[in-house]
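Novice: I am attaching a structure below and will ask some questions about it afterwards.
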Amino acid sequence: MLLKFWLESEKIPFKSISGNLLILKQSVWMKNTERITDFLTSNGLYVIMKPQERIAEAIMREVHHLVFESGYASSMVNNSDYLVEKLGMSYQRLSTLFKKEKQITLEKYIIAQKIERVKQIIVQDELTLSEIAYMMGYSSVQYLSTQFKAVTGVSVSDYRSQFE
């Protein structure tokens, strides 16, 4: 009852709730993971996911670590080799599972995360575009610029000018 009341007060839609079993849409979970998990753990409850969901979440954590936390490592580490080593499954299996669970290819997800990191770095205005391209593992500034525009819809220079 407490869980249902909290979800309704937070305006978090759910498919069903029975006792302590809560079923959410994947998109709702993705948008509210931290809030829901915090509430559950603070009330002595926990999240149980299907094995495929756990693997997809682990992939997302590892990609986040590689892109946002490892500094220059992403320029020196092959994304697929990194994920295979960390998760102990073939890249083909990881990629297939990720696509099934998240409805986006693993490659597109990694690119989107890298572009999010590039946006953060651009706003900090401490590195040149060449340094950013190297740091993020792009073979050239042109390749970075092409992917940036494809993902964001604006050029790097137009994005940068918003913060000058």
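Numbering (this note's numbering), first residue to last: 11 to 174.
We treat Cβ as the ideally placed atom computed from N, Cα and C, and that holds for glycine.
Considering only their Cβ atoms, is the gap separating residue 115 from residue 109 smaller than 8 Å?
Specialist: By 1-based counting over the sequence shown, the position of residue 109 is 99. By 1-based counting over the sequence shown, the position of residue 115 is 105. Cβ distance < 8 Å, so residue 109 and residue 115 count as in contact.
Novice: Okay, do the segment 93 to 104 and the segment 154 to 167 touch, 3+ Cβ pairs below 8 Å being the bar?
Specialist: no
Novice: At which residues does the alpha helix (DSSP H) containing residue 104 begin and terminate?
Specialist: Within the sequence shown, numbered from 1, the residue matching residue 104 stands at position 94. Looking at the DSSP string, the run of the alpha helix (DSSP H) that includes residue 104 is 101 to 112.
Novice: Below 8 Å on the Cβ atoms is my guess for residue 14 versus residue 22; work out the distance and round it to an integer in Å.
Specialist: As a first step, residue 14 is located in the sequence shown; it is residue number 4 there, counting from the start. As a first step, residue 22 is located in the sequence shown; it is residue number 12 there, counting from the start. Wrong, their Cβ atoms sit about 10 Å apart, outside the cutoff.
Novice: Suppose contacts are defined by Cβ-Cβ distances below 8 Å. Is residue 41 in contact with residue 25 by that definition?
Specialist: Within the sequence shown, the letter at position 31 stands for residue 41. Within the sequence shown, the letter at position 15 stands for residue 25. No; because the gap between Cβ atoms is not below 8 Å, this pair is not in contact.
Novice: Secondary structure at residue 121, three-state DSSP: helix, strand or coil?
Specialist: By 1-based counting over the sequence shown, the position of residue 121 is 111. Helix, per DSSP.
Novice: Under a three-way DSSP split, which group does residue 52 fall into?
Specialist: Position 42 of the sequence shown holds residue 52. In the structure shown, residue 52 sits in a helix (DSSP, three-state: H, G or I).
Novice: Which whole-angstrom value describes the C-beta separation of residue 139 and residue 166, a residue pair presumed to lie in contact below a C-beta threshold of 8 Å?
Specialist: Your numbering for residue 139 matches position 129 in the sequence shown. Your numbering for residue 166 matches position 156 in the sequence shown. With a Cβ gap of about 6 Å, residue 139 and residue 166 count as contacting.
Novice: Which residues share a DSSP beta bridge with residue 167?
Specialist: Position 157 of the sequence shown, counting from 1, holds the residue named residue 167. Beta-bridge pairing links residue 167 to no other residue.
Novice: Hey, how far is the Cα of residue 150 from the Cα of residue 159?
Specialist: Translated into positions along the sequence shown, residue 150 becomes position 140. Translated into positions along the sequence shown, residue 159 becomes position 149. If you take the alpha carbons of residue 150 and residue 159, they lie about 14 Å apart.
Novice: Nearest by alpha-carbon distance to residue 44: which of 145, 78, 20 is it?
Specialist: Taking the sequence shown and counting its residues from 1, the one referred to as residue 44 is at position 34. Among 145, 78, 20, the Cα nearest to that of residue 44 is on 20.
Novice: Sort 76, 68, 17, 111 by Cα distance to residue 98 and report the nearest one.
Specialist: Mapped onto the sequence shown, residue 98 falls at position 88. Of the candidates 76, 68, 17, 111, the one whose C-alpha sits nearest the C-alpha of residue 98 is 68.
Novice: For residue 27, name the three-state secondary structure that DSSP assigns.
Specialist: Here residue 27 corresponds to residue number 17 of the sequence shown, with the count starting at 1. Note: residue 27 maps to strand in three-state DSSP.
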